[in-house]
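Trainee: What follows is a single structure, and I will ask about it in a moment.
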Ligand SMILES: Nc1ncnc2c1ncn2[C@@H]1O[C@H](COP(=O)(O)OP(=O)(O)OP(=O)(O)O)[C@@H](O)[C@H]1O
Ligand SMILES: [Mg+2]
């Protein structure tokens, strides 16, 4: 039954059934109507034939005068064998007594059925026998001289098999034609369905190759229909996968590189102590201090990385509470005052009203600290760093402004990537690992907020954080 699972065969069967059912119903109704029509026609035909014979009997006055009886009987017999009649002819008198019967079987008997009774009451009638292919027509024979006097009746019984045999031929032809038409429709849909199945097969092969890791795949998209749209969507997906894979590889090499730098300094420092004789104690102390700070750096990188990974996997649950944003920001600034003082940077804080937001205080403090630390770090001595808190009915806005070195336009979208540091800061002593903003960004997104940067090189930077006052769990998978 495997073939049945293919779309083409299913379409074939569907189209076959969909066209065959109405066609058969239509044919059956049509054939029924035709049968009624043929029977009606045959009734009229036999009535007129019976009338012809009744006329003849009337003209010859047989029933009235009772003369030439044998001649009358043989006339009836011969007429019944005539080519265009070929039927049984029975003649009865006005009491139903059989005067003549071409088959001879009912002679001298009395026939008085509904039809004969009607005919004797001048109601001529033809009808088909209910369970046989026989047509009977009964008409009255009237007196030649008195049209109102009924002398008897003529009954014709004819076999109408010919009507049924031609109806049967027609039936088989019509049903065969319906079947052929439906098969043809099914076949047509089978053939045309390749328009759908072929591209689907191509897409399937494409997906299989992607699954095997061949990400640089592209499908050829022809036209603009839904299939083409699907093709475009697949290409887009492949591009995205490629990007993800690329950034994953970059990430791994960045991590290795970042970890390698402090490790190689440690190695150089320790080796120079090991391979030197009579090293003075001061040198030991100095080198160990350097080694210690490299270890600190390694520690920082690793804990930042761990934070990022946990945020990525949403491993740390969000601990949402109502937080006074002014209080939280002031606490952060308090911690950073020594750093700003050291660089002679003026820290300005501006807020005009109480603002409470539903956030995870610990995570949000970390995100905001990163931004303010950056502002201090990348602003030369004597500069200003300003933090402004505002809100509207739905959101809180926290602006961090500095008068520092700024960020080039083409780098502004990249600074949120892991390990990204701008050209200006890459080789500087002050430069960190480039993980701070990645953590900040992730945290803000987890709060359903957003972050924007505006900056002019050499003039300073402004980061604007937007966060909803009420937290919704929508879109956050915990
Ligand atoms: N206020 C700013 N002014 C100028 N450049 C900035 C500012 N903030 C960030 N940058 C640039 O963006 C880069 C990325 O910032 P990020 O905070 O992620 O890393 P970092 O400060 O170098 O290291 P750390 O992981 O220790 O925070 C920085 O290296 C710097 O080049
Ligand atoms: Mg930073």
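Numbering (this note's numbering), first residue to last: 354 to 831. Glycine is no exception: its CB is placed at the ideal position from the N, C-alpha and C atoms. Since the model is a prediction, treat every value here as computed from it, not as a measurement.
(1) Is it buried or exposed, residue 438, if we count other Cβ atoms within 10 angstroms and call 16 or more buried?
(2) Quick one: what's got a C-beta closer than 8 angstroms to residue 707's C-beta in the same chain, skipping five residues either side?
(3) Is residue 818 near residue 751, with beta carbons less than 8 angstroms apart?
(4) How would you write the range of the beta strand (DSSP E) that residue 633 sits in, first residue to last?
(5) Just curious, the alpha helix (DSSP H) that residue 508 is in, first and last residue?
(6) Within the structure, which residues are defined as neighbours of ligand 2 by a Cβ-heavy atom distance below 7 angstroms, reported in chain order?
(7) Tell me which residues share the same chain as residue 514 and place their Cβ nearer than 7 angstroms to its Cβ, disregarding the 5 neighbours each side in the sequence.
(8) Let me know the secondary structure DSSP gives residue 824 once reduced to three states.
(9) For residue 726 versus residue 759, is the C-beta distance shorter than 8 angstroms?
(10) Helix or strand or just coil, what does DSSP make of residue 390?
(11) Among 654, 598, 585, whose alpha-carbon lies nearest the alpha-carbon of residue 616?
(12) Looking only at its chain, what residues have a beta carbon closer than 6 angstroms to the beta carbon of residue 622, apart from the 5 residues adjacent to it on each side?
(13) From residue 371 to residue 529, what does the alpha carbon distance come to, in whole angstroms?
(14) Would you kindly work out how many angstroms separate the C-alpha atoms of residue 829 and residue 638, rounded to a whole number?
(15) Any contact between the segment 405-418 and the segment 564-581? By contact I mean 3 or more CB pairs, one from each, below 8 angstroms.
(16) At what residues does the beta strand (DSSP E) containing residue 481 begin and finish?
(17) Smallest Cα separation from residue 787: which of 692, 797, 610, 456?
(18) So, using beta-carbon positions, are residue 509 and residue 429 closer together than 8 angstroms?
(19) Report the rounded CA-to-CA distance for residue 480 versus residue 532, giving the unit in angstroms.
(20) Check whether the segment 392-401 touches the segment 468-482, taking contact to mean three or more Cβ pairs, one atom from each stretch, closer than 8 angstroms.
(21) Are residue 492 and residue 507 close, meaning C-beta to C-beta below 8 angstroms?
(22) Between the C-alpha atoms of residue 591 and residue 703, what's the straight-line distance to the nearest angstrom?
(23) Classify residue 490 as helix, strand or coil using the three-state DSSP reduction.
(24) Look at the alpha carbon of residue 831 and the alpha carbon of residue 670, and state the distance between them as a whole number of angstroms.
(25) Entirely within the segment 547-624 and at least 4 residues each: give me those alpha helix (DSSP H) ranges in chain order.
(26) Assuming contact is defined by CB atoms lying nearer than 8 angstroms, are residue 674 and residue 754 in contact in what I supplied?
(27) Does residue 730 come out as helix, strand or coil in the three-state DSSP assignment?
Mentor: Taking the coordinates as given:
(1) buried
(2) 677, 679
(3) yes
(4) Unbroken run through residue 633: none, as it is neither H nor E.
(5) Run containing residue 508: none in the alpha helix (DSSP H); it sits in the beta strand (DSSP E), 503-512.
(6) 723, 726, 727, 730, 785, 789, 790
(7) 486
(8) coil
(9) no
(10) helix
(11) 654
(12) 640, 643, 644
(13) 16 angstroms
(14) Residue confidence for residue 829 is low, a pLDDT of 46 falling below 50, so the modelled location carries little weight and cannot support an answer.
(15) no
(16) 478-481
(17) 610
(18) no
(19) 35 angstroms
(20) yes
(21) yes
(22) 47 angstroms
(23) strand
(24) Low local confidence applies: a pLDDT of 40 at residue 831 is under 50, so the model's placement there is unreliable, with the coordinate-based value given in what follows. The alpha-carbon atoms of residue 831 and residue 670 are separated by roughly 7 angstroms.
(25) 547-564
(26) no
(27) helix
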